[in-house]
Each structure stands twice: as structure tokens, then as C-alpha cells.
Amino acid sequence: MKTENCDVVVVGFGNAAQAAAVAAHVAGAKVLVLEKAPEKKKGGNTWFSHGAQFRHVHNGIPDEKPLLPHIQESEWAKIDLPSYTKDDFYSDIMRVTRGRSVPELAELLVNESYSTVKWMREMGIQWEILYNLSKPVGDRFAWHHGSSFINSKDGGGGLVEMWYQIVKSRGIPVRFETAAASILTDDSGRVTGVGVESPEGKSTINCKALVLGSGGFSANPAMRAQFLGAGWDLAKVRGTKYNTGDGIQMALDIGAQSFGHWSGGHATPIDADAGDYEAGFLDPANRRNRTHRYAWTLGIMVNTAGRRFIDEGEDFHAYTYAKTGSEILKQPGGIAYQIFDQKLAASVSRYLYEGAAAVSANTIKELAEMLEINPDALQKTVDEFNNAVVEDRPTDEVIRDGRHTEGIDPPKTNWAQKLDTPPYTAYAATCGLTFTYGGLKINTSCQVLNKFDRPIPGLYAAGELTGGFFYYNYPSGSGLLRGAVTGKIAGTNAARSFLFKTFKSFNAFKTS
Ligand SMILES: Cc1cc2nc3c(=O)[nH]c(=O)nc-3n(C[C@H](O)[C@H](O)[C@H](O)COP(=O)(O)OP(=O)(O)OC[C@H]3O[C@@H](n4cnc5c(N)ncnc54)[C@H](O)[C@@H]3O)c2cc1C
């Protein structure tokens, strides 16, 4: 069997792994990247992150300017961006995860967020302003407090390509169609290499440190059914088909500790016509017609019995979308209909529903017949909803406007408007699993911990396969950020673990 040698092996070719590979290379290591997918399918879930939002702490426009040097002063002058402090980000994480996020990990994400997006810019990643999350107000653009403000140029596909160019320019080899299959250790438990499989067969790569960046188990139906629960094996997967939990399993096999919310995953409302895999786009090969259906906060959402089942206006979709997919999966047939009236059409179009199959009618009963819902049941739901709307203030999408319902269950807490202006339009939505929350236990140096909470020497992890960050829910734009933050730290520490040891002065790098 063929054997090779390298300093740092990085497993995976998504955002987390590429941040790790570049950081290890910057720190002076000889790096090799292994990716299970063929080159034309490279990029994992990162590629499917069409929005490619990166949530980060900032003090408004002055902090954003260094990230976006191409933006002219005349453009900045039309932007209203509230600052987003460390306390804001930390409390958002804790609120949506019901206080379960591990404080040290949440702090790591928050504290490293701005320095990491700035580091990515310095490495060559270009940013754009996320205009589709703003609301035009006259000739100005307003972002609500806590909204993401930047995305990587040309979305997730652009991010993957930019990392690829950076990796190639540094001479870091990437081996596609090469899956890491096992982790090799010596008698002391130190990682000494990785067993790999490719179409040419099996081989071994010896290394001084290994960084796992191979994603979660969203594309493994058996693991989904086992850990997320019955019915999840049938859920649609918004991203790559290659994230089958390999890195997690390999690490558990050598004594790593499993950690985090193993029965939880980020799952959102997506178009009911999306495919079983790569369901982030209706046409993934051409990156056309995104399938996310996030405008439900404006109207109502009913199941096939014509009944509402959640508080559609609980919060901005950025804070509820990641848990709403699971609520749809619990409904009969795993289907829901998002219903809007003509007043809401312009707002809905800002949520990028192009390509979605819509059903329109001049009455609610006609709409119900077209959706094969009992017309009386849907009419009753809409009548009850309309009668419950308290019209004590104007609606305002940019704030939690508090315009609510009274006397119905579930209530609608914000953005409640009567559905009274035909035509009425409905979009069919289902649950799309974005990524899984459970994974490996790491410390803030991104070392993988064993069952005694001690680092496994030479083993680091980054991105989706790390547990402990997200539980139940998640603030939008935090997944790519988690990958970049942990990738940068894991790669740097993987390199320093042996380079600095040579000089007997190793201190685990944590912050830049
Ligand atoms: C439709 C969609 C939209 C999203 N939008 C956003 C967004 O706007 N903002 C945000 O923050 N997050 C978003 N996310 C989540 C985000 O994509 C992920 O959290 C993030 O990309 C995970 O990065 P990663 O590098 O850990 O994993 P990935 O990018 O999934 O990379 C893992 C890589 O490992 C490879 N791999 C797997 N097993 C092996 C093996 N055995 N050997 C070698 N390689 C292996 C895979 O092929 C893959 O390339 C979105 C996700 C989806 C699916």
C-alpha cells in the first residue's frame, strides 16, 4: 500500500477546511487537502450557501468599510446600518439556542467574528453588501438590527472558487475523489496519519497534525433516522450529498467525545418541488432559482388541513427559519402552504421567490380547491385570523412591529395584516435540512477532546462537525462564520503544534 508524508492534512474542501488549510500554510506548514467529491462537485455545503451571509460583530459603517474597499462614499451615504455588538451577538445565540450553546464556544464565535472576516479579506476573499436583506426606504436602504450585512462575492459558489484560487496560489495540493477513511494513531494516542480511499484504491498519508473539516451527517439517511428521529431519513437535503458524517465517525473510532445537539439540525422551509439532495436550488447545476421560502413571516402558513400551526411572526425569519423546517416536517405529508394577499406581493418578491410554483385565486375558497384543502376549513382559518388582527399600529417589516393577533392559537406576534386583498397567492413549502448540529467536542483551540476532556494530540476540527455551538435553532449567517473562525484557529494550531514544539515554546494559539 502506498504511503506518503505531509505536515498537516486537512480533510474536506468547504469553507472551514479551506480556512484551515490557508491558516496552516500561513503558519509555515506543508499542507495537503483531501476531498471526497470530484472536482466539479467541490465545496460541500459551502457551495450551496446561496446567500453566503457572514454574521459578525461591527460598529456600523466604519467597521464595514475595510471589508468593502470597492464601495464608493456615495453608496455608503445611502445605507442605514445599526451596529451589532458582542453582547447583541452573544445574546442572540443564547436566546435562539435556549441557553444551551456552550458559553466558551459562543464567545469564541462572537469575539473572533470581526477579526476573522477581516482576515479572510486579507487572504483574498471579497465581500459584497447583502442588499436583499435591506428594505428600501425612499432612495435609502435600511437593515434591521441583527440582520447580516455582508456575503461572500457571488455567494457560496464564489466563496469556494475564491478559496480555491487562494489555495492554488499558495501551492497547496488538493486531492479530489479522495476520502479520508480512518485516523491512524501511535500507542500514546497521538495522530500519526490518515487512511484514505480513492478510485485507485487505499493508501496511507503520514502527518504531524490532522484537521477534520468534512461536515456533518446531513446526507446520511441512516444517521438522520438514528439521531434526528423517525421520518428524517426522508427529509430533503438542501446541500451536498457528500456530508455523510465520516469525519465524526473516524474521530469517535479513536476515542473522541461526541458532543452537542445530536437530535437537532438546521432545517428551513424550502420549495416543495426541490430535489432530495442539492435542494438549495431548483436547478443546482446552473445555480438557478433558490428554493428557500422565508416570506412566511408576512402572511400565514397552513398545513394540508387548512390549519395554522406556528406563530408566523414570532421573530425575524433570521431567528426562526432554522427551526421552522422541522415544524413543517411534523405536519401531514410534511407540506405547508404560505399564503399572501396582493398587498404583500412586493414584499414577498424581495424574498427571491422567482421560479417557485405559485397558485393564485380571487377567493380563499377557490385557492383552497386549487391546493386540495377543504375550502371551508381554510376559509374558517383566514376568517379567524383576520378577525384576530389588532390594527392598532402600522406594519413595519424593518422592526419587530408588535402588530399582533388576539384570541387565536397559535397567535401571530408581529407583522399581522388581514388577508383581504385579492388575488390570494399560495406557495407550497416543505422541510429542507441544511446541516446537523451534533458532532465532536472541541476546546477553544479547536483541538478534539477525548472522553477525559483532554485533547487528542495532533487532532483538530473545524466547521459543521463540531458540536456545542448550536442547539434547537441558530442565528442566520453563523454557519459559515463558525467554519471560518474554527478553521483559522484549527489550521494555525495544527501547524504550530509541531513547528513551535521544535523550539520548545508551543502555546496554543487561540485569538489573533
Ligand atoms: C442551501 C444552504 C444555504 C446556506 N446558507 C448559509 C448562509 O447564508 N450563511 C451561513 O453562515 N451558512 C449557510 N449555510 C450553512 C453553511 O453552508 C455550512 O454551515 C458551512 O458551509 C459548513 O462548512 P464546512 O466547511 O464545515 O462544511 P462543508 O462546506 O459541507 O464542507 C465539507 C466537505 O467535506 C467533504 N467530505 C465529507 N466527507 C469527506 C471525507 N471522508 N473525506 C474527504 N472529504 C470529505 C465534503 O465533500 C465537503 O466538500 C447554508 C447551507 C445550505 C445547504
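Numbering (our numbering), first residue to last: -19 to 492.
Beta carbons are placed, not taken as given, at the ideal position from N, Cα and C, and that holds for glycine.
Here the structure is a predicted model, which is why all the values come from computation and not from measurement.
DSSP state of Ala285 mapped onto helix, strand, coil: Start at 1 with the first residue of the sequence shown, and residue 285 comes out as number 305. It is coil, neither helix nor strand.
Counted within 10 angstroms of its Cβ, other Cβ atoms place Tyr111 as buried (16 or more) or exposed: Start at 1 with the first residue of the sequence shown, and residue 111 comes out as number 131. Label assigned to Tyr111: exposed.
Neighbour-count burial assignment, His246, 16 or more Cβ in a 10 Å radius: In the sequence shown, counting from the first residue as 1, residue 246 sits at position 266. Its Cβ being crowded by 16 or more others within 10 Å, His246 is buried.
Sequence-distant residues of the same chain with beta carbon closer than 7 Å to Ile533, five excluded per side: Any question about residue 533 goes unanswered here, given that the chain covers just -19 to 492.
Closest Cα partner of Val523 within the set His5, Asn25, Tyr440, Ile290: No answer is possible for residue 523: the residues shown for the chain start at -19 and end at 492.
Boundaries (first-last residue) of the beta strand (DSSP E) holding His246: As a position in the sequence shown, residue 246 is number 266, starting the count at 1. Taken as a continuous stretch (DSSP letters only), the beta strand (DSSP E) holding His246 covers 245 to 251.
Simplified DSSP assignment, three categories, for Gly24: Counted from its first residue, the sequence shown places residue 24 at position 44. It is helical.
Within 9 Å, strictly: CB atoms of Asp233 and Ile185: Taking the sequence shown and counting its residues from 1, one reaches residue 233 at position 253. Taking the sequence shown and counting its residues from 1, one reaches residue 185 at position 205. No, the Cβ-Cβ distance between Asp233 and Ile185 is not below 9 Å.
Cβ neighbour criterion (16 or more within 10 Å) applied to Met350: The residue given as residue 350 occupies position 370 in the sequence shown. Exposed: under 16 other Cβ atoms inside 10 Å.
Check whether Ala189 and Val171 have beta carbons under 9 Å apart: As a first step, residue 189 is located in the sequence shown; it is residue number 209 there, counting from the start. As a first step, residue 171 is located in the sequence shown; it is residue number 191 there, counting from the start. It is a contact, given that the beta carbons lie within the stated cut-off.
Spatial distance of Glu386 from Ala336 (CA atoms): As a first step, residue 386 is located in the sequence shown; it is residue number 406 there, counting from the start. As a first step, residue 336 is located in the sequence shown; it is residue number 356 there, counting from the start. Rounded to whole angstroms, Glu386 to Ala336 spans 32 Å at the Cα level.
Through-space distance from Asp60 to Tyr94, alpha-carbon basis: Sequence index remark: in the sequence shown, residue 94 carries index 114 (1-based). Sequence index remark: in the sequence shown, residue 60 carries index 80 (1-based). Taking the straight line from one Cα to the other gives about 19 Å.
Glu294 CB to nearest heavy atom of ligand 1 below 8 Å: Taking the sequence shown and counting its residues from 1, the one referred to as residue 294 is at position 314. No; taking the cut-off as 8 Å, the Cβ of Glu294 has no heavy atom of ligand 1 nearer than that.
Cβ neighbour criterion (16 or more within 10 Å) applied to Gln427: Reading the sequence shown from its first residue, position 447 is the one you call residue 427. Buried, because 16 or more other Cβ atoms sit within 10 Å of the Cβ of Gln427.
Outcome for Phe432 when other beta-carbon atoms lying within 10 angstroms are tallied against a minimum of 16: Here residue 432 refers to the residue found at position 452 of the sequence shown. The residue is exposed, with fewer than 16 neighbouring Cβ atoms inside 10 Å.
Contact test: Asn25 Cβ vs ligand 1 heavy atom, cutoff 8 Å: Position 45 of the sequence shown, counted from the start, is the residue given in the question as residue 25. Result yes, Cβ under 8 Å from ligand 1.
Rounded straight-line distance, which links the Cα of Ala254 to that of Gly126: Along the sequence shown, one-based indexing puts residue 126 at 146. Along the sequence shown, one-based indexing puts residue 254 at 274. Cα to Cα, the separation comes out at about 29 Å.
Gly260 classed as buried or exposed, judged by whether at least 16 other C-beta atoms fall within 10 angstroms: Within the sequence shown, numbered from 1, the residue matching residue 260 stands at position 280. Burial is judged here by how many other beta carbons sit within 10 angstroms of a residue's own beta carbon; Gly260 has at least 16 and is buried.
Residue from Tyr440, Gly314, Gly459, Lys16 with nearest C-alpha to Tyr417: Taking the sequence shown and counting its residues from 1, the one referred to as residue 417 is at position 437. Out of Tyr440, Gly314, Gly459, Lys16, Gly459 has the C-alpha closest to the C-alpha of Tyr417.
Closer than 8 Å: Ala474 CB and nearest ligand 1 heavy atom: Within the sequence shown, numbered from 1, the residue matching residue 474 stands at position 494. For ligand 1, not one heavy atom lies less than 8 Å from the Cβ of Ala474.
Top-ranked residue by Cα proximity to Leu429, from Lys148, Gln33, Ile228, Ala464: The sequence position of residue 429 within the sequence shown is 449, counting from 1. Residue Ile228 is the option with its Cα nearest to Leu429.
For Pro42, the nearest candidate out of Glu53, Glu294, Gly471 (CA to CA): If you number the sequence shown from 1, residue 42 lands on position 62. Selected option, being the one with the closest Cα: Glu53.
Beta-carbon separation (whole angstroms), Val(-12) vs Ala9, contact threshold 8 Å: As a working note, residue -12 is residue 8 in the sequence shown. As a working note, residue 9 is residue 29 in the sequence shown. Indeed they touch by this definition, with Cβ atoms about 5 Å apart.
Backbone CA spacing between Phe296 and Lys310 [nearest angstrom]: For the purposes of this step, residue 296 is taken as the residue at position 316 of the sequence shown. For the purposes of this step, residue 310 is taken as the residue at position 330 of the sequence shown. Computed Cα separation, rounded: 22 Å.
CB of Ala302 within 9 Å of CB of Ser425, strictly: As a first step, residue 302 must be located in the sequence shown, where it is residue number 322. As a first step, residue 425 must be located in the sequence shown, where it is residue number 445. Not a contact, by the Cβ cut-off of 9 Å.
Which listed residue (Ala475, Ile422, Trp276, Tyr333) has its alpha carbon closest to that of Leu399: Locating residue 399 in the sequence shown gives position 419, counting from the first residue. Ranking Ala475, Ile422, Trp276, Tyr333 by Cα distance to Leu399 puts Trp276 first.
Buried versus exposed, by CB contacts within 10 Å (16 or more), Asp251: In the sequence shown, counting from the first residue as 1, residue 251 sits at position 271. Answer is buried; the Cβ neighbour count reaches 16.
The alpha helix (DSSP H) enclosing Phe261, as first and last residue numbers: Reading the sequence shown from its first residue, position 281 is the one you call residue 261. Per DSSP, Phe261 belongs to no alpha helix (DSSP H); it is in the beta strand (DSSP E), 261 to 263.
heavy atom of ligand 1 below 8 Å from Asp60 C-beta: Counting from 1 along the sequence shown, the entry for residue 60 is found at position 80. Outside the cutoff, so no.
DSSP-derived helix/strand/coil call for Thr361: Looking up residue 361 in the sequence shown gives position 381. Helix, per DSSP.
Euclidean distance between Cα positions of Tyr70 and Arg267: Taking the sequence shown and counting its residues from 1, one reaches residue 70 at position 90. Taking the sequence shown and counting its residues from 1, one reaches residue 267 at position 287. Approximately 33 Å, taken between the alpha carbons.
Test: Asn367 CB closer than 9 Å to a CB of chain B: Within the model displayed, chain B is absent; a lone protein chain is all it includes.
Ala236 versus Pro437: straight-line alpha-carbon distance, rounded: Within the sequence shown, numbered from 1, the residue matching residue 236 stands at position 256. Within the sequence shown, numbered from 1, the residue matching residue 437 stands at position 457. Taking the straight line joining both Cα atoms gives about 11 Å.
Exposure of Asp321, with buried meaning 16 or more beta-carbon neighbours within 10 Å: On the sequence shown, residue 321 is found 341 positions in, with the first residue counted as 1. Asp321 should be labelled buried.
Distance between Arg155 and Ser149 (C-alpha atoms, nearest Å): Within the sequence shown, the letter at position 169 stands for residue 149. Within the sequence shown, the letter at position 175 stands for residue 155. Near 16 Å, if we compare the C-alpha coordinates of Arg155 and Ser149.
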